[in-house]
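In the working numbering, the protein residues as written are 2 to 189.
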C-alpha cells in the first residue's frame with residue numbers, strides 16, 4: 002500500500018529553496034552595499050603606476066621586500082668572531098653556569114641509578130616467581146627468556162650509569178681547566 006503526501010507539503014518542499022535563495026541574495030546585496038560604502042570612505046590618492054615607458058625615469062635605489070642573503074664573512078673575520086665568542090663564553094661561565102651544568106649531570110645520573118634499581122628489583126621478583134601452571138613453569142625453567150631480557154636491560158643500564166659518572170668526572174676536569182672554584186661542582 003502506497004501512501005501519498007498531501008499536495009500542500011509537496012509544494013512547501015519545492016518552494017523552500019526559493020525562499021532561502023531570496024534571503025541569500027538579499028544578504029549578498031547588503032554586503033555589496035557595505036563594501037561600496039567602505040571603499041568610498043577609504044578612498045585615497047592612487048599610487049604611481051610604473052609601465053615599460055616610464056621605468057627608465059626611475060631614480061634611486063630599489064627596495065626589495067623579503068630576506069636578503071647575508072654576505073659570507075672573510076676567513077679572517079670568521080676567526081676573529083670565533084675568538085670573540087670564546088671570550089664571551091668565558092665571561093658567561095660563572096658560578097650559576099657551572100652549578101646548573103653539575104645539577105643537570107647529577108640529575109641524569111640519579112635518574113639512571115633509580116631506573117637501574119627498579120630493573121634489579123624486577124629481576125629479583127622474576128627469579129623468585131612461582132608459576133602455578135606447570136607448562137609455563139617448565140618452559141621458564143628451560144627458556145628463562147624473561148630473566149635473560151631483564152639481565153640484558155640491567156647491563157645496558159649499568160653502562161649508562163658509568164657513562165654518566167664519567168661525564169660528571171669530565172665536567173669536574175673542565176671546571177678545573179676553566180679556573181673555576183671547585184666548590185661550584187659540589188651539591189649544596
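Don't be surprised by glycine CBs; every beta carbon is placed ideally from N, CA and C.
- The three-state secondary structure of residue 145, taken from DSSP, is coil.
- At the C-beta level, residue 153 and residue 117 stay beyond 9 angstroms of one another.
- Straight through space, the alpha carbons of residue 164 and residue 119 are spaced by roughly 19 angstroms.
- Annotation for residue 108: the continuous alpha helix (DSSP H) segment containing it runs 96 to 129.
- Around the beta carbon of residue 128, fewer than 16 other beta carbons lie within 10 angstroms, which makes this residue exposed.
- Taking all protein chains in view, the Cβ of residue 106 is crowded by 16 or more other Cβ atoms within 10 Å, so the residue is classified as buried.
- Contact between the region 179 to 189 and the region 97 to 104 is present: 3 or more CB-CB pairs across the two stretches fall below 8 angstroms.
- Annotation for residue 126: no residue places its beta carbon closer than 6 angstroms to its own, counting only its chain and skipping 5 residues before and after.
- Within the same chain, and ignoring the five residues on either side of residue 161 in sequence, the residues whose Cβ sits closer than 6 angstroms to its Cβ are 113.
- Taking a 10 Å sphere around the C-beta of residue 39, we find fewer than 16 other C-beta atoms and assign the residue as exposed.
- For residue 167, the number of other beta carbons within 10 angstroms of its own is below 16, and it is reported as exposed.
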